[in-house]
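Some notes on the structure that comes next.
Numbering (full-length UniProt numbering), first residue to last: 1 to 536.
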């Protein structure tokens, strides 16, 4: 996110009265604390600065911007929106086009994270319009990138409702994703013109992810390979790891399982190098699934066992359940029915513990089929709840020795089902375990939101960048946000102003701006009223 620095204003301290001096000094300390990583304390100093008050509009604008960014980092998006809105109002009042561009972009990013995508688009488009009007290429690049992110997030948000697979979304979802592609491509071209290689890497990663969602896996691979090359150029191991993971996912959908295994192995090696056990577990799980598709069940078992051990070490019961389910299927494919039964029972135990009815139903069916093969009596607590016809029982017995159990399956790659992966579109016999997603506490970069097979969780990509030199909360899960569906009247007015062709001629009605001294408020209102004679 963009923000004005308090340090740039410090040279003018001597021009202010005592309260203005105090305001600026408090704000400088707030900025220092935020940059040091203590945003909570920084917010307290910024609020104290507002209480002290100032008649200097540049100082107040910088405080609003910094407060908005700090609240964003702390996850308080309502307050972040409030202060970016104040900053936007102040910038428009002063006729500060650059300030309006920055605050519009910040407000758009915040609205995006809150799930208010249409409002976010209006703000980001205003950011783009002003940047082009000012001839500010860097600001234009940020606006294009942010617009791509808004449409990308909107498409993913709508697409999650039906849990569709990549390339199988509705037309409205595809339209959003195509818009994202358009803005990302414009951003990439501009970054190439400016020679910003790091920004090119981010754009390539996001293009790869977007083409992946659109089902254009060849294009996804092209851009993720570009992302990988740039990550290596910068020695960015985390970005390199994500690129390999995304390449593995794309090759899976192309039916190129050997290539996928190569990239997942690199993902695993980099995760170990980075000391990230959660990602290491995900890579092992992906490799286990990939070798199952290759029908190399012995190797699949090795990786699923590694996944199980790491999940146990991390106290990840969902991961344990999936590992047990996968191990049961792999052993069943090898004819090791007793081992398969043990893992199926463990999967049932974990599913009950997690209150996962789908996992419980799957494990009960697997246990029932395996006991029939082993001529063992069924126990009531392990029996499926629904009766099975004789023909289906016979089919199950005939297929169990050579195929994976596939009676209950997820229909979405988000839930780790490997479906429609072969080149001819046939479904492999592998089904993957149902279960509630876990959420490792790891931050991802912009281009890492959809790791598919290697994911234990559905994580939301949040591409925001606060100006603070800190790792940002880049994977906010929108499902966990306390969304406010009511738009304040003054925000509606601001957005309506952005949409108007005569925005620059409209009167800006000044609401209460915290920290602005009343004498300045009266002066601003009078000046603004005289300068804008056209009615609203």
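All C-beta atoms in this analysis are idealised placements derived from N, C-alpha and C, irrespective of residue type, glycine included. Predicted, not measured: the structure shown is a model, and the values here were computed from it.
One Cα belongs to residue 289, the other to residue 267, and the distance between them is close to 15 Å. Look at the beta carbons and you see the region 282-299 touching the region 243-263: at least three pairs across the two are nearer than 8 Å.
With a minimum length of 4 residues, the unbroken runs of alpha helix (DSSP H) contained wholly in the region 25-96 fall at 39-52, 57-73, 77-94. Per the C-alpha coordinates, the member of 57, 37, 31, 36 positioned closest to residue 48 is 31. Ranking 321, 253, 155 by CA distance to the CA of residue 116 puts 155 first. Contact between the region 89-108 and the region 120-128 is present: 3 or more CB-CB pairs across the two stretches fall below 8 Å. With a beta-carbon spacing of about 13 Å, residue 360 and residue 368 fall beyond the 8 Å limit used to define contacts.
Secondary structure note for residue 302: its alpha helix (DSSP H) is the uninterrupted segment 297-313.
Rounded to whole angstroms, residue 271 and residue 281 show a C-alpha spacing of 9 Å. When secondary structure is reduced to three states using DSSP, residue 516 falls in the strand class.
Here the alpha carbon of residue 336 sits roughly 26 Å from the alpha carbon of residue 316.
Around the C-beta of residue 328, 16 or more other C-beta atoms lie within 10 Å, and the residue is accordingly described as buried. In the structure shown, residue 196 falls within a coil segment according to DSSP collapsed to helix, strand and coil.
Inter-residue distance for residue 73 and residue 40 is about 10 Å (C-alpha atoms, whole angstroms). Between the beta-carbon of residue 330 and that of residue 366 there is about 12 Å, and that puts the pair past the 8 Å contact cut. At the C-beta level, residue 141 and residue 107 stay beyond 7 Å of one another. Counting along the chain, no alpha helix (DSSP H) covers residue 214, and no H or E run does either. If you look at residue 256, you'll find it isn't in any alpha helix (DSSP H); DSSP assigns it neither H nor E. The distance from the Cβ of residue 354 to that of residue 90 is about 50 Å, inconsistent with a contact at the 8 Å cut-off. Below 8 Å, enough C-beta pairs join the region 81-96 and the region 54-68 to call them touching: three or more. By the Cβ neighbour-count rule, residue 333 is buried, with 16 or more other Cβ atoms within 10 Å of its own.
If one requires a minimum length of 3 residues, no beta strand (DSSP E) run lies completely within the region 168-196. The beta carbons of residue 230 and residue 201 sit closer together than 7 Å. In this structure, residue 134 and residue 123 do not form a Cβ contact; the two beta carbons are roughly 17 Å apart against a cut-off of 8 Å. The shortest C-alpha to C-alpha distance from residue 306 to any of 294, 87, 326 is the one to 326. Contact check for residue 217 and residue 253: beta-carbon distance about 5 Å, within the 8 Å limit, so the pair qualifies. Judged by beta-carbon spacing, residue 214 lies beyond the 7 Å limit of residue 188, meaning their Cβ atoms are not closer than that value. In the structure shown, residue 336 adopts coil according to DSSP, grouped into three states. Counting C-beta atoms within 10 angstroms of its own C-beta, residue 257 has 16 or more neighbours from the protein chains shown and is therefore classed as buried. Rounded to the nearest whole angstrom, the CA to CA distance from residue 264 to residue 183 is 30 Å. Bounds of the alpha helix (DSSP H) holding residue 280 are 277-293. Note that the C-beta distance between residue 146 and residue 109 is below 7 Å. Between the alpha carbons of residue 78 and residue 164 lies a distance of about 31 Å.
Of the other Cβ atoms in all chains shown, 16 or more fall within 10 Å of the Cβ of residue 166; this residue is therefore buried.
Annotated three-state conformation of residue 144 is helix, per DSSP. Judged by DSSP secondary structure, residue 126 falls within the alpha helix (DSSP H) whose first and last residues are 117-134.
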